[in-house]
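Structure record follows, encoded as structure tokens.
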Amino acid sequence: MKGRYKVVIETLKETITLEVKRKYTILRGFTGDGKSYIAELLLSWAAKGNSKEIKVYSELDVQVAVSLKSLKGLVRFEDESLIFIDELDFVRIKEFYKDVTKKANQYFIICSRYSFSYFPYSIDEVYRTSYKDSTTGRVVTSFQPLFIRYGSLSFKPSYVVVEDSNSGYEFYKSLFKDSKVISSNGNTNVYKTVDKLIKESKNYLYVIIDGADGLVRLKETAERKSITMCILVQESFEYLILRSRVCNWCKISEELDRTYDYCESSKDVSWERYYTKRLEELTKGTKMEYTKSKLREFYYKNSVQKSVYEVLEMEE
Amino acid sequence: MFMHEWRGDYCGDHLPAGIKVILLAKYSPEVLVDLSYCGDNCIPYLMEISREQEVTVVGTRFIDFFNKDLYGESLEGVYVMNDDTYYTDSEKYRETQKYMCDWNEETEEGLILHSEYYKEVEHRLGEKLVRPESSLSKYIKIVNDSE
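Listed in order, the protein sequences are those of chains R and F. Just so it is clear: in the first sequence, position 11 is 11 by this note's numbering, and no numbers are missing. To convert, take the position in the second sequence, counting from 1, and add 316; that gives this note's numbering.
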């Protein structure tokens, strides 16, 4: 399933709009914001259809999973649809990702404040509600990104923590020659690695990650201990290369701008994997052939590193 | 019956999960409160209840109960079961975030506990457990492995 979809729910006094463009979308926010309320509205809409009280406008069918069994049923159907999951405990278990949703064709909207470490969701796709009174007296509810990217490469780091191992790690190691580059070997370990560095009162840290929201708290801790830390959140290392001048010949910029129209959710579970696949495909047989396991000599060139660094600066 | 400004009237069954959790914490203290159901706007109420009686929470997401800027007030202390310690200092309490992360690895040979996790257990073996007077032991019995 590809594409960007908008869901509009209209009740007597309220209009709720939600836009989905990736496989996993997370809704968070205050209690009483209306997350469960949306699930209730959708369930009653599924039973009665469009009525005076509830009207749902959506290109695709919107379904609500009320249990793991019902979710399995919906996924097996392989129909293009949006599946709404409201704070159910099964989302926290590994089976949810591994056996049920990994190869699913649908998009999932999950209401939960839990930080998931075992399935890939982007920091950009975590939303909270926001209200606005319109002139017609209706309340307009929409969803805004919860995390705003911040940080700047204004200082020289003495330590750089990166999520990537192998190729990504090698690249950053040569990019930040004067600093100590530490690979955390995976998303879940970043927190632990940075925590350790903060405890040892190491100053001037760069943390380059693909999106782990626990780090927002780390930033707070670092501020309290007056440690200068910059968290750089980007799509992935491969995205940086594709975005840079090095890959201008691929003419891929439109694909990067509107990845949701190209990334097939049943094949590539996250955009990160999609970018890796595309980079490998595009550079195959050329001097800049990219593999995740080993970095080619081409990437150690000064000009290449400079252009990737420019993207890193620009993205923040 | 409850009323909402623009969503109409509804019964108690349809109250937001966070409010249900607060009511449970207030009227049945033996209930474990799952913090992932509570938004940030619920935390001051949980703090208020904790002044009258014990509130046991499951830290599925980390809440800094000492953060006065965020919640308007702060607690005098938090007892963390994982390491049997009563924290009164925000800085040290923040370090307990590590219990939230699942650092243990699942391998084919079985579950490998992370060294940080071990350390805490080793550290407290043979040590007399120090707990605040209003202990939670009436609900939870700690059994030594060797027994």
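Even for Gly, the Cβ is constructed at its ideal location relative to N, Cα and C.
What do you get for residue i, buried or exposed, if any count of 16 or more other CB atoms within 10 angstroms of its CB means buried?
| i | result |
| --- | --- |
| R:Thr31 | buried |
| R:Tyr290 | buried |
| R:Thr283 | buried |
| F:Gln369 | exposed |
| R:Met229 | buried |
| R:Val7 | buried |
| R:Tyr131 | exposed |
| R:Asp210 | buried |
| R:Phe108 | buried |
| R:Arg22 | buried |
| F:Tyr434 | With a pLDDT of only 44 at F:Tyr434, under 50, the local geometry of the prediction cannot be trusted, and no value is derived from it. |
| F:Asn327 | The sequence given here has Cys at residue 327 of chain F, not Asn. Counting Cβ neighbours within 10 Å, F:Cys327 comes out exposed, since fewer than 16 surround it. |
| R:Arg224 | exposed |
Closer than 8 angstroms, CB to CB, is residue i near chain R or not?
| i | result |
| --- | --- |
| F:Asp356 | yes |
| F:Arg410 | yes |
| F:Gly375 | no |
| F:Ile335 | yes |
| F:Asp353 | What sits at residue 353 of chain F in the sequence shown is Tyr, not Asp. At least one chain R Cβ lies under 8 angstroms of F:Tyr353. |
| F:Pro360 | no |
| F:Pro345 | no |
| F:Arg323 | yes |
Quick one: Cα of residue i to Cα of residue j, how far?
| i | j | result |
| --- | --- | --- |
| R:Gln144 | R:Thr25 | 12 angstroms |
| R:Leu60 | R:Glu80 | 7 angstroms |
| R:Leu232 | R:Val126 | 17 angstroms |
| R:Val62 | R:Glu40 | 12 angstroms |
| R:Val66 | R:Leu88 | 8 angstroms |
| R:Lys13 | R:Leu256 | 38 angstroms |
| F:Gly388 | F:Arg367 | 15 angstroms |
| R:Val56 | R:Phe298 | 52 angstroms |
| R:Asp261 | F:Val394 | 49 angstroms |
| R:Glu49 | F:Asn383 | Looking at the sequence itself, residue 49 of chain R is Gly, so the reference to Glu does not match. Approximately 46 angstroms between the Cα atoms of the pair. |
| R:Glu238 | R:Leu312 | 12 angstroms |
| R:Arg103 | R:Arg278 | For the sequence presented, residue 103 of chain R should be read as Lys rather than Arg. Taking the straight line from one Cα to the other gives about 19 angstroms. |
| R:Leu197 | R:Ile227 | 10 angstroms |
| R:Ala46 | F:Met317 | 25 angstroms |
Within 8 angstroms of any Cβ in chain F, is that where the Cβ of residue i sits?
| i | result |
| --- | --- |
| R:Arg296 | no |
| R:Glu318 | Lying before the first or after the last residue shown, residue 318 of chain R is absent from chain R, which here runs from 1 to 316. |
| R:Glu40 | yes |
| R:Ser36 | yes |
| R:Glu87 | yes |
| R:Phe143 | no |
| R:Lys276 | Per the sequence presented here, residue 276 of chain R reads as Thr, with Lys not at that position. No, R:Thr276 lies away from the interface with chain F (no Cβ there is under 8 angstroms from its Cβ). |
| R:Tyr127 | no |
| R:Tyr260 | no |
| R:Asp114 | Strictly speaking, residue 114 of chain R in this sequence is Tyr, with Asp absent from that position. Closer than 8 angstroms to some Cβ of chain F, the Cβ of R:Tyr114 qualifies, so yes. |
| R:Lys221 | Correcting the residue identity first, residue 221 of chain R is Thr in this sequence and not Lys. Judged by the 8 angstroms Cβ criterion, R:Thr221 is in contact with chain F. |
| R:Gly168 | no |
| R:Gly32 | yes |
| R:Val139 | yes |
Contact criterion: CB-CB distance below 8 angstroms. Does residue i meet it with respect to chain C?
| i | result |
| --- | --- |
| R:Gly29 | Absent here is chain C; the protein component of the structure consists of chains R and F. |
Contact between the stretch 317-337 of chain F and the stretch 352-372 of chain F: three or more CB pairs below 8 angstroms? yes
Extract the residue ranges of the beta strand (DSSP E) inside the stretch 337-416 of chain F, only unbroken runs of 3 or more that lie entirely within it. 348-350, 372-374, 394-396, 401-403
Do the stretch 157-175 of chain R and the stretch 195-208 of chain R make contact, defined as three or more Cβ pairs closer than 8 angstroms? With a cut-off of 8 angstroms, the stretch 195-208 of chain R and the stretch 157-175 of chain R count as touching, because enough Cβ pairs lie within range.
Looking at C-beta atoms only, is the number of pairs between the stretch 343-353 of chain F and the stretch 366-381 of chain F that lie closer than 8 angstroms three or more? Short answer: they touch.
contact_flag[the stretch 170-177 of chain R, the stretch 301-313 of chain R] where n(CB pairs < 8 angstroms) is 3 or more: yes
Runs of 3 residues minimum, wholly inside the stretch 192-274 of chain R: which ones carry the beta strand (DSSP E) assignment? DSSP runs (the beta strand (DSSP E)) wholly in the stretch 192-274 of chain R: 205-209, 229-233.
Unbroken stretches of the beta strand (DSSP E), 3 residues or longer, contained in the stretch 32-101 of chain R: You should have 55-58, 61-65, 81-86.
Entirely enclosed alpha helix (DSSP H) segments - the stretch 114-164 of chain R, minimum 4 residues: none
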